[in-house]
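Novice: This structure is in structure tokens; I'll ask about it shortly.
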Amino acid sequence: MRVGLIGLGRIGVFHAATLHALGLDLVVTDVRTDAVDRIVTEFGAEPAKDPATLLAAGLDGVVVATNTDSHPQLILAAVEAGLPVFCEKPVARGAEEAAEVLRHCATADVQIGYNRRFDPAIQAARAAVRSGELGTLHTVRSTTLDPAPPPDDYLRGSGGIFRDCAVHDFDTIRYVTGREVVEVYATGSTRGAPVFAEIGDASTASAILTLDDGTLAVVSNTRYNGRGHDVRLELHGSRDSVAAGWENRLPLRSLEPDATFPAGRPYDFFLDRFATAYRRELSAFTRMAAGLCESPCTVADAVEAGWIAEACTISFHERRPVMLNELRTRPGARYAA
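Just add 958 to wherever you are in the sequence shown, counting from 1, and you've got our numbering.
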């Protein structure tokens, strides 16, 4: 299989290594020629001078790992070329633009990169919900705590903590429960670097989501979790409770006198925490590109997660609950970090 890779930043280089390990022939492009040269040398990839040249290079599929603003254009260009496409999240900077992309490629073979869907424990949590073994699900707790904030320039263009960070939790909640979010209430603080207050973003945030069956989901996020990269999911039902992320590398120190858990070195990087999920995610894309399965995370899925992030952003700024249906009739994104 011959796959094109557009974008060779941190995640793009990681994807290049994964695609090479899967035995695929790579065609790569990036605005930085040194990045292209590195992948050509390391993995025997074929260089392309730009995305248009790459899309015309006789490919079986395309992976997009560029900056967010270029995602809509590149997704639609790949679809127009008749190619299956994998694109890192988000589809677009705002939910409205993402919904517009969906209108143009609703039936195309597009997979959006929400890697947690491929984490073994999160998949097991989904199976536990679907089997009914938890009984009536009443509470979900989803946590994403980063050890340190990204660079200021990244934060200024990220769209804010709900669109950039918590959106992973929002997608996970939809994926695991099979339910839709109908209402959100979100809050946050700007403790930390001055940039958060300057751009109207939160450095630490929490949101309560009400699902369409009455289940409550609590989402916690921060850019300042000094002990490490902490991603957990808890599901509490009338019969049983289960969790993903409670393992020996959990970045949490127990103060119980006899506790020996967790005993491992804490995770300090998302690529470390989700290395297996990323590999399984791209393996799934190759199966989709070969016509063996449908997209495991569609543009429609990503748009729904984006609407939740948009609602939380509004709730944070306006200090009120926001119904998801309200957004679908509200023109334009009102708040951008």
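Glycine included, C-beta positions come from ideal geometry on N, C-alpha and C.
Can you name, in chain order, every residue of its own chain whose Cβ lies under 6 Å from the Cβ of G1186, other than the five neighbours on each side?
Specialist: Here residue 1186 refers to the residue found at position 228 when the sequence shown is read from its first residue. If we look at G1186 and ignore the five residues flanking it on each side, its Cβ neighbours are P1105, P1209, P1224, Y1225, D1226.
Novice: Give me the Cβ distance between G1019 and V961, rounded to the nearest whole Å; I'm assuming they're in contact under 8 Å.
Specialist: Locating residue 1019 in the sequence shown gives position 61, where the first residue counts as 1. Locating residue 961 in the sequence shown gives position 3, where the first residue counts as 1. The Cβ separation is near 5 Å, so the contact holds.
Novice: Out of R1075, F1274, H973, which one is the CA nearest neighbour of V1302?
Specialist: For residue 1302 there is no data in the structure shown, the boundaries of the chain being 959 and 1295.
Novice: Looking at the structure shown, is Y1143 part of a helix, part of a strand, or coil, going by DSSP?
Specialist: In the sequence shown, residue 1143 corresponds to position 185, counting from 1. If DSSP states are grouped into helix, strand and coil, Y1143 belongs with the strands.
Novice: Can we say the region 1028-1042 touches the region 1259-1267, given the rule of at least three CB pairs closer than 8 Å?
Specialist: Verdict: no, contact absent.
Novice: Measure the C-alpha to C-alpha separation of D1129 and A1014 and round it to an integer number of angstroms.
Specialist: In the sequence shown, counting from the first residue as 1, residue 1129 sits at position 171. In the sequence shown, counting from the first residue as 1, residue 1014 sits at position 56. So the alpha carbons of these two residues sit roughly 33 Å apart.
Novice: To the nearest angstrom, report how far apart Y1072 and G1158 are at their CA atoms.
Specialist: Locating residue 1072 in the sequence shown gives position 114, counting from the first residue. Locating residue 1158 in the sequence shown gives position 200, counting from the first residue. Approximately 26 Å, taken between the alpha carbons.
Novice: May I have the straight-line CA-CA distance separating G1136 from A1258, to the nearest angstrom?
Specialist: If you number the sequence shown from 1, residue 1136 lands on position 178. If you number the sequence shown from 1, residue 1258 lands on position 300. About 14 Å.
Novice: Using 8 Å as the Cβ pair cut-off and three pairs as the minimum, do the region 1144-1154 and the region 1083-1096 touch?
Specialist: Cβ pair count under 8 Å is below three, so no.
Novice: How big is the Cα-Cα spacing for G967 and V994?
Specialist: Locating residue 967 in the sequence shown gives position 9, where the first residue counts as 1. Locating residue 994 in the sequence shown gives position 36, where the first residue counts as 1. Going by the C-alpha atoms only, they are around 10 Å apart.
Novice: Leaving out five residues on either side along the sequence, give the residues of the same chain with a beta carbon under 8 Å from the beta carbon of L982.
Specialist: Here residue 982 refers to the residue found at position 24 of the sequence shown. Correct list, in chain order: M959, R960, V961, T1244.
Novice: Find out if the Cβ-Cβ distance for the pair D1067, T1102 is shorter than 8 Å.
Specialist: For the purposes of this step, residue 1067 is identified with residue 109 of the sequence shown, where counting begins at 1. For the purposes of this step, residue 1102 is identified with residue 144 of the sequence shown, where counting begins at 1. Result no, Cβ atoms of D1067 and T1102 do not sit closer than 8 Å.
Novice: Would E1000 be called buried (16 or more neighbouring beta carbons within 10 Å of its own) or exposed?
Specialist: As a working note, residue 1000 is residue 42 in the sequence shown. Exposed.
Novice: Give the list of continuous alpha helix (DSSP H) stretches no shorter than 4 residues that lie fully inside the region 1071-1139.
Specialist: Qualifying alpha helix (DSSP H) stretches, in chain order: 1078-1089, 1110-1115, 1125-1135.
Novice: Candidates P1048, G1016, V1139, D992: which alpha carbon is nearest D1027's?
Specialist: Locating residue 1027 in the sequence shown gives position 69, where the first residue counts as 1. Checked all of P1048, G1016, V1139, D992; the closest Cα to D1027 is P1048.
Novice: What's the C-alpha gap between P1279 and R1149?
Specialist: Your numbering for residue 1279 matches position 321 in the sequence shown. Your numbering for residue 1149 matches position 191 in the sequence shown. Straight-line Cα distance between these residues: approximately 23 Å.
Novice: Given L1017, which residues of its chain have a CB within under 7 Å of its CB, disregarding the five upstream and five downstream residues?
Specialist: By one-based count along the sequence shown, residue 1017 stands at place 59. R960, V961, G962, V985, L1041, listed in sequence order.
Novice: From the DSSP secondary-structure annotation, give me the bridge partner or partners of A1258.
Specialist: For the purposes of this step, residue 1258 is taken as residue 300 along the sequence shown, with counting starting at 1. Paired residue(s): none; A1258 is not in a bridge.
Novice: Pop quiz: F1228 and R1074 are said to be a contact at Cβ under 8 Å. What is the actual Cβ separation, rounded to whole angstroms?
Specialist: As a working mapping, residue 1228 is identified with position 270 in the sequence shown. As a working mapping, residue 1074 is identified with position 116 in the sequence shown. Contact flag wrong, Cβ pair sits at about 10 Å.
Novice: When the Cα atoms are used, what is the spatial distance from E1058 to A1221?
Specialist: Within the sequence shown, residue 1058 is the residue found at index 100, counting from 1. Within the sequence shown, residue 1221 is the residue found at index 263, counting from 1. Their Cα atoms are separated by approximately 47 Å.
Novice: If we count the other Cβ atoms within 10 Å of its Cβ and call it buried at 16 or more, is G1297 buried or exposed?
Specialist: What the structure shows of the chain is the stretch from 959 to 1295, and residue 1297 is not part of that stretch, so it cannot be assessed.
Novice: Is A975 closer than 8 Å to T987 when the C-beta atoms are compared?
Specialist: Within the sequence shown, the letter at position 29 stands for residue 987. Within the sequence shown, the letter at position 17 stands for residue 975. No.
Novice: Indicate the three-state DSSP secondary structure (helix, strand or coil) for G970 in the structure shown.
Specialist: One-based indexing of the sequence shown puts residue 970 at position 12. G970: helix per DSSP, three-state reduction.
Novice: Specify the secondary structure class of R1190 as computed by DSSP and reduced to three states.
Specialist: Here the question's residue 1190 lines up with position 232 in the sequence shown. Three-state result, R1190: strand.
Novice: Alpha carbon to alpha carbon, how far is S1253 from S1196?
Specialist: Here residue 1253 refers to the residue found at position 295 when the sequence shown is read from its first residue. Here residue 1196 refers to the residue found at position 238 when the sequence shown is read from its first residue. S1253 and S1196: Cα-Cα distance of roughly 33 Å.
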